[in-house]
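So the mapping is simple: my numbering equals the position in the sequence shown, first residue as 1, plus 77. By construction, the Cβ of each residue, glycine as well, lies at the ideal position given by its N, Cα and C atoms.
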Amino acid sequence: MNYDSVLSERVVGLKPSGIRRFFDLAATMDDVISLGVGEPDFSTPWSIRREAVDVLERRKIVYTANAGMAELRKSIAKYLERSIHTSYDPEHEIVVTVGGSEAIDIAIRSVINPGDEVLVVEPAFVCYEPLVRMACGVPVSIATKPENHFKLKPEELREKITDKTKLLILPYPNNPTGAIMTREDLEASAEVLRGTDILVLSDEIYCEMTYGGKHCSIAEIDGMQERTILVNGFSKSYAMTGWRLGYVCAPAPITKQIVKIHQYIIMSAPTVSQYAAIVALEECDEDVKRMIKEYNLRRRYLVEAFNRIGMTCFNPEGAFYVFPSIQCTGMTSEEFCEKLLEEEKVAVVPGNAFGACGEGFVRVSYAYSLKHLMTAVERITHFLERHGGKA
Numbered sequence: 078m079n080y081d082s083v084l085s086e087r088v089v090g091l092k093p094s095g096i097r098r099f100f101d102l103a104a105t106m107d108d109v110i111s112l113g114v115g116e117p118d119f120s121t122p123w124s125i126r127r128e129a130v131d132v133l134e135r136r137k138i139v140y141t142a143n144a145g146m147a148e149l150r151k152s153i154a155k156y157l158e159r160s161i162h163t164s165y166d167p168e169h170e171i172v173v174t175v176g177g178s179e180a181i182d183i184a185i186r187s188v189i190n191p192g193d194e195v196l197v198v199e200p201a202f203v204c205y206e207p208l209v210r211m212a213c214g215v216p217v218s219i220a221t222k223p224e225n226h227f228k229l230k231p232e233e234l235r236e237k238i239t240d241k242t243k244l245l246i247l248p249y250p251n252n253p254t255g256a257i258m259t260r261e262d263l264e265a266s267a268e269v270l271r272g273t274d275i276l277v278l279s280d281e282i283y284c285e286m287t288y289g290g291k292h293c294s295i296a297e298i299d300g301m302q303e304r305t306i307l308v309n310g311f312s313k314s315y316a317m318t319g320w321r322l323g324y325v326c327a328p329a330p331i332t333k334q335i336v337k338i339h340q341y342i343i344m345s346a347p348t349v350s351q352y353a354a355i356v357a358l359e360e361c362d363e364d365v366k367r368m369i370k371e372y373n374l375r376r377r378y379l380v381e382a383f384n385r386i387g388m389t390c391f392n393p394e395g396a397f398y399v400f401p402s403i404q405c406t407g408m409t410s411e412e413f414c415e416k417l418l419e420e421e422k423v424a425v426v427p428g429n430a431f432g433a434c435g436e437g438f439v440r441v442s443y444a445y446s447l448k449h450l451m452t453a454v455e456r457i458t459h460f461l462e463r464h465g466g467k468a
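Take a look at the structure:
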């Protein structure tokens, strides 16, 4: 059998995830400190787990409505009303998905026709470009700059818009940089988009992890909700990664198409997770605050530590990643990560996995204990002493 002749050329042409490569390699080694995967080290809050146990005991494990349980969609609408002061109709404008990743996928597929251009703000999460390509769209990178704290500037956005532009993917708070967009920043981008038919996919999975201020959604900006597809989920804020639950909110004409795709590929999100998510939204604000407080402590420690040892690092204001420069070593991002893993058994992710403008940086997750991070910094310090850093 000649498999080269039967496989999808579009899929074969996709690059494997740069995140998983180093994670999988680290898994084959002993005594590795892995700071590569963005998975909270906290247990899912007990009230959420207790609800899941109760659901299992009551045997309420059946298919739900395709768009998700009505009660959960109502809870999501209430959460968005109080958090970003934006109203969504739970019956027609909210779809519950299997994680934020499915939400991104089906949102893109619901609006993209072959040849449509999709603006991808980079550095960015690794899934956006491949999903655009699989939807037969054309990804167009917008490279952000460290001197602007990796924020999207209006002139950068304006420069990339053509008559084929259909969608802007806005990933803030940002993975991998930890950058955020303030209301003022979003207003500037909104001004560029007004008067066009360009849609915005706003990935807000890290919205609760905003330090020193409150998250602002572009859907809050005047005139933007009608063109915004908002994606969020429960994995990061509530330490529910394995529960696989997210949601997408958009104007009804868009969600009508989104739910059709969801019907055919998934049918409905996990029932147990949906019941648990209601509890998360309605009872777990204090649990979230406790986790954010700990993340903030880790964030401050890592930023100070990396700057001290010569890996210049701007102060991220969101998510749970730092994005230090490794240019002091003269290595490429991939060389740095490979040698650090081999010599010191610390796994981080090369910045170019998130777009070409990430070259010269690495992503370090602080979704790990402070003790874990301190040991990693000791090892990285030893590594820099041998490879040209000032440590």
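query	result
Presumed contact (8 Å Cβ cut-off) between Thr254 and Phe400, rounded CB distance	4 Å
Buried/exposed call for Asp262, threshold 16 Cβ in 10 Å	buried
Alpha-carbon to alpha-carbon, Lys416 and Val469	The displayed coordinates of the chain run from 78 to 468. Any statement about residue 469 would go beyond what the structure contains.
CB-CB length for Phe383 against Glu421, believed under 8 Å	Not confirmed; about 15 Å, so no contact.
Heavy atom of the ligand HEM within 6 Å of Asp101 beta-carbon	The ligand HEM is absent from the structure shown, which contains no ligand whatsoever.
Inter-residue spacing [alpha-carbon to alpha-carbon] between Pro117 and Phe227	24 Å
When Asp166, Asp101, Gly192, Ile246 are compared against Phe202, the one with the closest alpha-carbon	Ile246
Cβ-Cβ distance between Ala154 and Ala353 below 7 Å	no
Presumed contact (8 Å Cβ cut-off) between Val308 and Glu281, rounded CB distance	7 Å
Complete runs of the alpha helix (DSSP H) confined to the stretch 132-211 [at least 4 residues]	147-160, 176-188, 205-211
According to DSSP, residues forming a beta bridge with Asn322	Checking the displayed sequence, the identity of residue 322 turns out to be Leu instead of Asn. Leu322 is not bridged to any residue.
Separation of Glu232 from Asp193, as counted between CA atoms	21 Å
Tyr288 at chain B interface by Cβ criterion, 7 Å	Among the chains of the structure shown, chain B does not appear; only one protein chain is present.
For Leu91, the three-state DSSP class (helix, strand or coil)	coil
Beta-bridge partners of Arg440, as assigned by DSSP	Val426
Between the CA atoms of Met258 and Lys237 - distance to the nearest angstrom	19 Å
Backbone secondary structure at Ala468 - three-state DSSP	Only weak support exists for where Ala468 lies, its pLDDT of 48 falling under 50; the coordinates are left without a value.
Same chain only: Cβ atoms within 8 Å of Gly300, ignoring 5 sequence neighbours per side	Ala267, Arg271
Beta strand (DSSP E) segment containing Asp280, residue limits	276-280
Leu112, DSSP secondary structure in three states	coil
DSSP bridge partner residues for Ser218 (one or two, in chain order)	Val197
Endpoints, the beta strand (DSSP E) within which Ile306 is located	305-310
Nearest neighbour of Ser350, chosen from Asp107, Ala357, Trp320 [CA to CA]	Trp320
Sheet register partners of Leu247 (DSSP bridge)	Ser279
Residue burial classification, Lys243 (beta-carbon count within 10 angstroms, cutoff 16)	buried
Local conformation of Thr259 per DSSP, three classes	coil
Reference Ala346; option with closest CA among Cys390, Ser178, Met211, Tyr288	Ser178
Reference Ala256; option with closest CA among Thr273, Gly290, Leu278, Met344	Gly290
Cβ-Cβ distance between Val439 and Ile403 below 7 Å	yes
Contacting residues, own chain, Cβ-Cβ under 6 Å from Val195 (five flanking each side not counted)	Val209, Gly214, Pro216, Leu244
Reduced DSSP secondary structure (H/G/I, E/B, other) of Gly395	strand
Boundaries of the alpha helix (DSSP H) in which Phe431 is found, first to last residue	It is not in any alpha helix (DSSP H) - Phe431 carries neither H nor E in the DSSP assignment.
Residues of its chain near Leu418, where Cβ-Cβ distance is below 6 Å and the 5 sequence neighbours each way are ignored	Ala424
Beta-carbon proximity list for Thr287, same chain, < 7 Å, skipping 5 on both sides	Pro250, Ile257, Glu394, Gly395
Rounded Cβ spacing between Asn252 and Gly113 (contact assumed at less than 8 Å)	That belief does not hold up - the Cβ atoms of Asn252 and Gly113 are roughly 12 Å apart, past 8 Å.
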